[in-house]
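Student: Chains X, U, R, P and D are the protein sequences, given in the same order.
So in the working numbering, the last one in the first sequence is 302, and the numbering has no gaps at all.
So in the working numbering, the last one in the second sequence is 302, and the numbering has no gaps at all.
So in the working numbering, the last one in the third sequence is 1035, and the numbering has no gaps at all.
So in the working numbering, the last one in the fourth sequence is 1035, and the numbering has no gaps at all.
So in the working numbering, the last one in the fifth sequence is 350, and the numbering has no gaps at all.
Let me give you the structure first, and then I'll get to my questions.
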Amino acid sequence: MMRMQPHSEFQGAPVPGSAAPIAIELSEASVTFGRGPRAVPALSTTSLRIADGEFVALVGPSGCGKSTILRLVSGLVLPTTGVVIVGGREVAARALRVGMAFQNPTMLPWMSIERNIMLPLKIVEPFRSQFRRLRKTEFRDKANALLEQVGLKGFGNRYPWQLSGGMLQRANLCRALIHEPRMLLLDEPFGALDQFTREELWSILQDLWIAHKPTVLLVTHDLREAAFLGSRICVMSARPGRILDDSRVDFARPRTVAMTFEPDFVALNQKLRAFIVDARTASAQGVA
Amino acid sequence: MMRMQPHSEFQGAPVPGSAAPIAIELSEASVTFGRGPRAVPALSTTSLRIADGEFVALVGPSGCGKSTILRLVSGLVLPTTGVVIVGGREVAARALRVGMAFQNPTMLPWMSIERNIMLPLKIVEPFRSQFRRLRKTEFRDKANALLEQVGLKGFGNRYPWQLSGGMLQRANLCRALIHEPRMLLLDEPFGALDQFTREELWSILQDLWIAHKPTVLLVTHDLREAAFLGSRICVMSARPGRILDDSRVDFARPRTVAMTFEPDFVALNQKLRAFIVDARTASAQGVA
Amino acid sequence: MPEFDYRQKARSAALIVLFFVAWELFCLISGMSDLVLPRPSQVFVTLVEKFPILWPHILQTLATTMIGFVLGVGLGVVLGAVIGVSKTAYDTAYPLLVGFSSIPKVAVVPIFVLWFGSGSVPAVLTALSICFFPIVVNIATGLATTEPELEDVLKALGASKFDILWNVGLPRTMPFFFASLKVAISYAFVGAVLSETVASNRGIGNVMMTASSNFNVPLVFAGLFVLAGLGVALYVIFSVIEGRVTGWATRKNDMVAT
Amino acid sequence: MPEFDYRQKARSAALIVLFFVAWELFCLISGMSDLVLPRPSQVFVTLVEKFPILWPHILQTLATTMIGFVLGVGLGVVLGAVIGVSKTAYDTAYPLLVGFSSIPKVAVVPIFVLWFGSGSVPAVLTALSICFFPIVVNIATGLATTEPELEDVLKALGASKFDILWNVGLPRTMPFFFASLKVAISYAFVGAVLSETVASNRGIGNVMMTASSNFNVPLVFAGLFVLAGLGVALYVIFSVIEGRVTGWATRKNDMVAT
Amino acid sequence: SAQETTIKFTLGWKTQGSDAAFFYAKDNGFFKEEGLNVVIDQGEGSGATVTRIMSGAYDAGFGDVNAIIQNASTKPQDAPVMVYMIWNQPPFAIVTKKTSGINTIKDFEGRTLGGAQGTPTTRLLPVFANKNKLEGEKIKISNMAPNLQEPMLIKGDIDAALVFNITSYFNLVLNRQDPDKDYKWFSFGDYGLDLYSNGMMVSRKLLASNPKAVAGLVRAVNKAVIAIAKDQNAGMKAALNYDNLINAEVEKRRLQFSFDKLIVSPEMKEIGVGDVKDDRMARAIGIIVEGYQLARAPAPSEIFSREFLPPRAERELVYTAN
Ligand SMILES: Nc1ncnc2c1ncn2[C@@H]1O[C@H](COP(=O)(O)OP(=O)(O)OP(=O)(O)O)[C@@H](O)[C@H]1O
Ligand SMILES: Nc1ncnc2c1ncn2[C@@H]1O[C@H](COP(=O)(O)OP(=O)(O)OP(=O)(O)O)[C@@H](O)[C@H]1O
Ligand SMILES: [Mg+2]
Ligand SMILES: [Mg+2]
């Protein structure tokens, strides 16, 4: 049901078992913040290819550069060396419909939750040109439908500081989804949620993916989450990170929470655990 | 090894099995934000007693009022009804050495991590009066020692925005601990960390608790974490929350990560899971 | 939004009245000549008596000030946005603007008079040129200090620089924009009046100049009171708007559960 | 901290030079009378020629301005802190301050002169009274809009109001404090010079007054240039301090990985 | 009407009774009769009138002839020309309290005099000292704005003030003093500084491009001056009509003071109002050149033009106070 695929085999070749075009490609990309003696290497030379419509989960120790990879893909950070190609163009996130859920759910404090969530519709075409006309009707309904799905019905007209940490995180997810992006970048979107809310949202996200097949890059610390949602799991080494392992997860879809207690699933989890134990000690210079 | 204790039995009586004085007492405390038609009930009438030196884990669905309870205890929020008595005085947090790790690790952006962590020493006696003298030597070493313990050695002179989410959370924990508080209020202190870093920190926190026996109130979504660390676990109902269940955890100390895979432990987890399934649906008006 | 607190407002009003009472008593007790500092009561009497005569001058000054102020705010916002966004603009424009602001505007009025004749136009221009700088500074600083995390939300969506400015930079800067309006409106009055004292046949500045050359000090002070009153009236209007627009920024006042 | 970018600075310097060249050309082409607006080259020549005579006056004005400015900043910070922290102070002091600011200071100078005699004291007081308001406004706004989350960090430790002000409110407000300094220093010069033109035997204001009665407009402008230059010089000093103190707030400029 | 020539006219200061002639001429249609539309603006000082005209902002105005001399020395082609001299006598004076112990001008030595910077009185003090053999360096001058001079004098911060008598006299009145009883006046005219002072001047541009308008302007003002010399109340009515803020009672006295002390003189009676004597003018120029250390002494013809004056018969002024 599951096939492990070492990183070395994958490099340079198209994503095996997938004929879809490449949506995201990091080739030999590295990121160093700052210059000179104060330089901080955040990401070692990393290559990664994600085909269109893939669901990739990214796991790794704290501070290894997972968020940095998402920022590279979304164009918020430029690679210090190497190239990042998104949608066929070099860091051309601007041209794509990307939905990003930041690790820290930054809502604009002067807007109600509803308006915060509608923000992508205000910016991204084709919604942008309809925004003035529809923001009071269709778009607002759309935002509230999403809020309801994540269990925040009726909180649309609250302000961000009136929500709890977990509620904010859910609103943050809504904002990443509202403009039906072809590419989803999710940075620990369920970190502050209790197990059950989390599992509910897994299913919602999975349904959405099955229905629309966006390319998803999900950062998480929860291995069950990675295995439940991902079609591929990439494990990163400790800071400055690089990709240590890249495995495909072939459980049938739709997956259910019950499946996560099945032996296969538990075995995958154990396997990943083992990898991460390595990853925590492995610096980029260590394990190849 | 473990004894469940329904909430009703506990109410009004001193904490069973503990002769220690009461450190924290919420009696019939409720919190409503705002007034009039825009009022938001955040916490239903709640009573809770925590003895000096207890380690209480608080679990419950997102938005149920866990953070609000911590804010009540630390005096950041006043109860709308009822009383909150901390250290024998009504919301007298000011007089106590409280260490608080906020859910959202708010570091002051104009200070380096080191200085952020030393902040409590600048404010709280007896450190305060020595601060000018010791801040470049002893206190700084203290901060760096803590940083090293959580795996952030050498990051002391970085600024908050130069750290990753998980790193910030660990720094946040250091700030809660540095002034050796008699009372620790921890709001999901390990949420953004990978499993292994998390488990390491569990042990550190447990050792600290065993050594100094501070009163700890820990909010978490991770049931394993609650069971590993807590001497008592309180389960809250959905928003507006109240305490649904209050159970003692009697595993021997020091607990190890290996123990969390033992059947007793797994059974406790399952039990708590069941409670939380209830809790999510139970509003305060529902289950008593 | 915090509710309107009548006790609070009453206390403040009482303190303001107290200020005038103290002034009155100070003058009475120290035997201050009303040729130097008249008592507020004298000023009020003069104000009431002369009000019909003053009225057209008040309107004149109010009109020129408001036009200058509105133009100044527009200019200030645009310049502030440019300076806040572009490093070159920051390095170029700031020294020039600080230099320009350090110049007493009274030296510039004659130039305006030459170009535009005496009367309303120089007053408008002087008001404008004196009031835009605080706005520039606050808008520029607000934009430069906007948290990058907030901007990233829009950047990740591929928003243009203008989108970011419009949706993040400017709203975030609103509290300081309103702060600068308080400074700007008072200075706009100063500018308009200044110009009127130099070159105009109407307006409060002219009245005050005439009054002062007649040593009619209570009338001079009546003019000052009118100016102060107009300034405060506009301040109150802005405060109301400010309360609506920037309530989010002062949320701490109503966050404590009650 | 962003590194010093020479290309950037050179470009800005070039633009500033361009400004003066444009002015020079404008005067030449439009045939502007130097009685109204002299050419910058004339002004510079005058400035260089008269510099030995101007020097003591420059020192005088600089000294009174700096004293007034320092006192004004002190007063502004204290008042701003009080207003930012107390609702009653906000409601009481703001209207009074806005009212006071709307009064042209030239009307107040004679009072100072009659009380304290002609010379430095009125100049200091005028500089003070004109420059403190922008500081008050920005400090108060900064404090009022400080994120409650930041304050909570200290509140939870049982910190006193003063601790919070000192450790959170004021540092958080620093970028806007420096912004207001830019406004305040220019206005302090305006205030000191204003007072010197009304009653003083020394100072740039006095020089400009004499020059203007001699119809020596280039010398008047030389005085203006000196003022502008002093303003810019102080601005540069504050900028350097600002860069060190508030680097955290403008972090976005150096966050993009390179 | 379309044929009317618009003339921008600046007064010497804010509205004062002594300006009544211009308002009277306007109110009674004297300007209109000459085909002129005269727009009257308040001024910034009688010296500034010259700058305002030189800069092109105004075509004509009421201002100080000595400021013309000053500017004509360096910019003869730009300086305005006086076409109608109204104040025949100099208003420059030093005023002191009778109690100050200053009885003769010699007593100014060692004293502090308050002066408004750049005013002729202040500027000419060295000439005054020279001509009267005083030790100029022993007289200290404290600079202050004109409206501070009397308060500082009253308060005792200065021993005497360098003033225009027509301004200072009424400033003292307004400061509730008795300028005749308690104050002593030393008029420059009595101490060898026999200068001319304010009159109506026009720009060289107007002079060259529209001499007819200048002649009309002079005719109209002349008519008005003569008229209000007979009836000051009519003059005050016009002034009040222009600016209702003035203190009519004081301004009427000021108007009368101007006739009394500055306009009516033996010379005026001899040559008629509006004209000057060239030899006196030449002397006056000499004084100014000395006092202001000017590089070049302009000829009287550069300063004053009698080309536009109405015939002597039409300039017969008879002053009767009423
Ligand atoms: N703006 C910055 N300036 C300097 N260093 C930075 C900056 N942003 C991130 N870093 C560093 O880059 C490294 C990787 O950061 P990143 O946020 O990608 O980690 P992460 O894998 O997302 O960690 P976490 O799981 O804790 O969120 C960290 O060591 C961090 O200190
Ligand atoms: N300042 C506020 N104003 C209004 N409502 C608030 C405010 N703070 C919290 N609330 C509301 O109070 C409720 C409880 O919030 P709290 O932060 O205590 O939840 P929580 O249990 O910590 O949730 P989470 O696990 O998601 O962090 C939430 O419904 C929230 O919307
Ligand atoms: Mg991260
Ligand atoms: Mg919470």
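From the three backbone atoms N, C-alpha and C, an ideal C-beta is built for every residue, glycine too.
What runs of the beta strand (DSSP E), each 3 residues or longer, lie entirely inside the segment 930-982 of chain R?
Tutor: Counting whole runs of 3 or more residues, the segment 930-982 of chain R contains no beta strand (DSSP E) stretch at all.
Student: Where does the unbroken alpha helix (DSSP H) through R:GLY857 begin, and where does it stop?
Tutor: Per DSSP, R:GLY857 belongs to the alpha helix (DSSP H) from 817-862.
Student: Answer yes if the segment 234-249 of chain X comes into contact with the segment 85-92 of chain X, meaning at least three C-beta pairs across the two stretches below 8 angstroms, and no otherwise.
Tutor: They do not touch, by the three-pair rule.
Student: Closer than 8 angstroms between beta carbons: that is the criterion. Which residues of the segment 890-910 of chain P meet it against chain C?
Tutor: Looking at the structure shown, chain C is missing, and the protein chains on hand are X, U, R, P and D.
Student: Alpha carbons only, please: which of D:TYR112, D:PHE156, D:ASP206 and D:GLY73 is nearest the one belonging to D:LYS251?
Tutor: The shortest C-alpha separation from D:LYS251 is found at D:TYR112.
Student: So which of P:ALA965, P:ILE981 and P:TYR867 has the shortest CA-CA distance to P:GLY849?
Tutor: When each option's Cα is compared against that of P:GLY849, the closest is P:ALA965.
Student: Could you tell me the distance, in whole angstroms, from the CA atom of D:THR132 to the CA atom of D:THR124?
Tutor: Straight-line Cα distance between these residues: approximately 11 angstroms.
Student: Applying a beta-carbon distance threshold of less than 9 angstroms, which residues of chain R neighbour P:SER990?
Tutor: Simply none; closest approach about 13 angstroms.
Student: Pull out every residue of the segment 80-111 of chain D whose Cβ sits closer than 9 angstroms to any Cβ of chain R, in chain order.
Tutor: Within the segment 80-111 of chain D, the qualifying residues are ARG80, SER83, GLY84, ALA85 and TYR86.
Student: So with Cβ pairs under 7 angstroms, would you call R:VAL862 a contact of chain X?
Tutor: For R:VAL862, the answer is no, since every Cβ of chain X falls outside 7 angstroms of its Cβ.
Student: For D:GLY63, name the three-state secondary structure that DSSP assigns.
Tutor: Of the three classes helix, strand and coil, the one that applies to D:GLY63 here is coil, per DSSP.
Student: Regarding X:GLN209 and ligand 4, is the C-beta to nearest heavy atom distance less than 6 angstroms?
Tutor: Checking the Cβ of X:GLN209 against ligand 4 gives no.
Student: Taking the alpha-carbon positions, what's the U:ALA107 to P:LYS932 distance?
Tutor: Per-residue confidence for U:ALA107 stands at a pLDDT of 45, beneath the threshold of 50, marking its modelled position as unreliable; the derived number appears in the next sentence. Near 9 angstroms, if we compare the C-alpha coordinates of P:LYS932 and U:ALA107.
Student: In the segment 824-856 of chain P, which residues sit with their C-beta less than 8 angstroms from some C-beta in chain R, listed in chain order?
Tutor: Of all residues in the segment 824-856 of chain P, none has a Cβ within less than 8 angstroms of some Cβ in chain R.
Student: Taking Cβ positions only, does U:THR4 come closer than 7 angstroms to chain P?
Tutor: Since the first and last residues shown for chain U are 15 and 302, residue 4 of chain U lies out of range.
Student: In three-state DSSP terms, what is U:ILE257?
Tutor: Here U:ILE257 sits in strand by DSSP.
Student: Would you report the Cα separation of P:LEU873 and U:ASP155, rounded to the nearest angstrom?
Tutor: If I take the Cα positions, the gap works out to 50 angstroms.
Student: My output table needs one value for D:TYR211: the three-state DSSP class, helix, strand or coil.
Tutor: Note: D:TYR211 maps to strand in three-state DSSP.
Student: Rank X:VAL97, X:MET114 and X:THR59 by C-alpha distance to the C-alpha of X:GLY79 and give the top, closest one.
Tutor: It is X:THR59.
Student: Just to confirm, are U:SER178 and U:GLY96 a CB contact at a threshold of 7 angstroms?
Tutor: No, the pair does not count as a contact, with Cβ atoms beyond the cut-off.
Student: Strictly under 7 angstroms for the Cβ-Cβ distance: is R:ASN978 near chain D by that measure?
Tutor: For R:ASN978, the answer is yes, since a Cβ of chain D falls inside 7 angstroms of its Cβ.
Student: Round the Cβ separation of R:GLU928 and R:ILE916 to the nearest angstrom and send it over; I've been treating them as touching at under 8 angstroms.
Tutor: Incorrect: roughly 16 angstroms between the Cβ atoms, too far for contact.
Student: Leaving aside the five residues before and after P:THR1023 along the sequence, list all residues of the same chain whose C-beta is less than 8 angstroms from its C-beta, in chain order.
Tutor: Closer than 8 angstroms at the Cβ level, and outside the excluded window around P:THR1023, lie MET951, PRO952 and PHE955.
Student: Between P:THR950 and chain R, is there a C-beta pair that is closer than 7 angstroms?
Tutor: So no, P:THR950 is outside the interface.
Student: Buried or exposed: which applies to D:TYR211, given that a residue is buried once 16 or more other Cβ atoms fall within 10 Å of its Cβ?
Tutor: So D:TYR211 ends up on the buried side.
Student: Can you list the residues of chain R that D:LYS42 reaches, using a CB-CB cut of under 7 angstroms?
Tutor: Those within 7 angstroms of D:LYS42 in chain R are MET986, THR987 and SER990.
Student: Taking DSSP as the reference, what is the three-state secondary structure of X:PHE204?
Tutor: Coil, per DSSP.
Student: Could you give the first and the last residue of the continuous beta strand (DSSP E) run that contains D:LYS36?
Tutor: Looking at the DSSP string, the run of the beta strand (DSSP E) that includes D:LYS36 is 33-38.
Student: Looking only at its own chain, which residues have a Cβ that is under 6 angstroms from the Cβ of X:LEU180, when we skip the five neighbours before and after it?
Tutor: Residue identity differs from the one stated: residue 180 of chain X is Gly in this sequence, not Leu. The answer, listed in chain order, is ALA206 and LEU207.
Student: Express the C-alpha separation of R:LEU947 and P:ARG1021 in angstroms, rounding to a whole number.
Tutor: Looking at the two C-alpha atoms, the distance is approximately 25 angstroms.
Student: Does the segment 93-106 of chain D come close enough to the segment 246-260 of chain D that 3 or more CB-CB pairs lie under 8 angstroms?
Tutor: In short, these stretches do not touch, since the Cβ pair count stays below three.
Student: Within a Cβ cutoff of 7 angstroms, which residues of the same chain sit near U:THR234, ignoring the five residues on either side of it in sequence?
Tutor: Around U:THR234: ALA71, VAL73, GLU202 and ALA240.
Student: Kindly indicate which three-state DSSP category U:ALA53 falls into: helix, strand or coil?
Tutor: Coil.
Student: Closer than 6 angstroms from C-beta to any heavy atom of ligand 4: which residues, in chain order?
Tutor: Having a Cβ closer than 6 angstroms to some heavy atom of ligand 4 are X:SER178, X:GLY179, U:LYS80, U:SER81, U:GLN117 and U:ASP201.
Student: So, using beta-carbon positions, are P:PHE1015 and P:LEU934 closer together than 7 angstroms?
Tutor: No. Outside cutoff.
Student: Rounded to the nearest angstrom, what separates P:VAL975 and X:TYR173 at their Cα positions?
Tutor: Using only the alpha carbons, I get a separation of about 54 angstroms.
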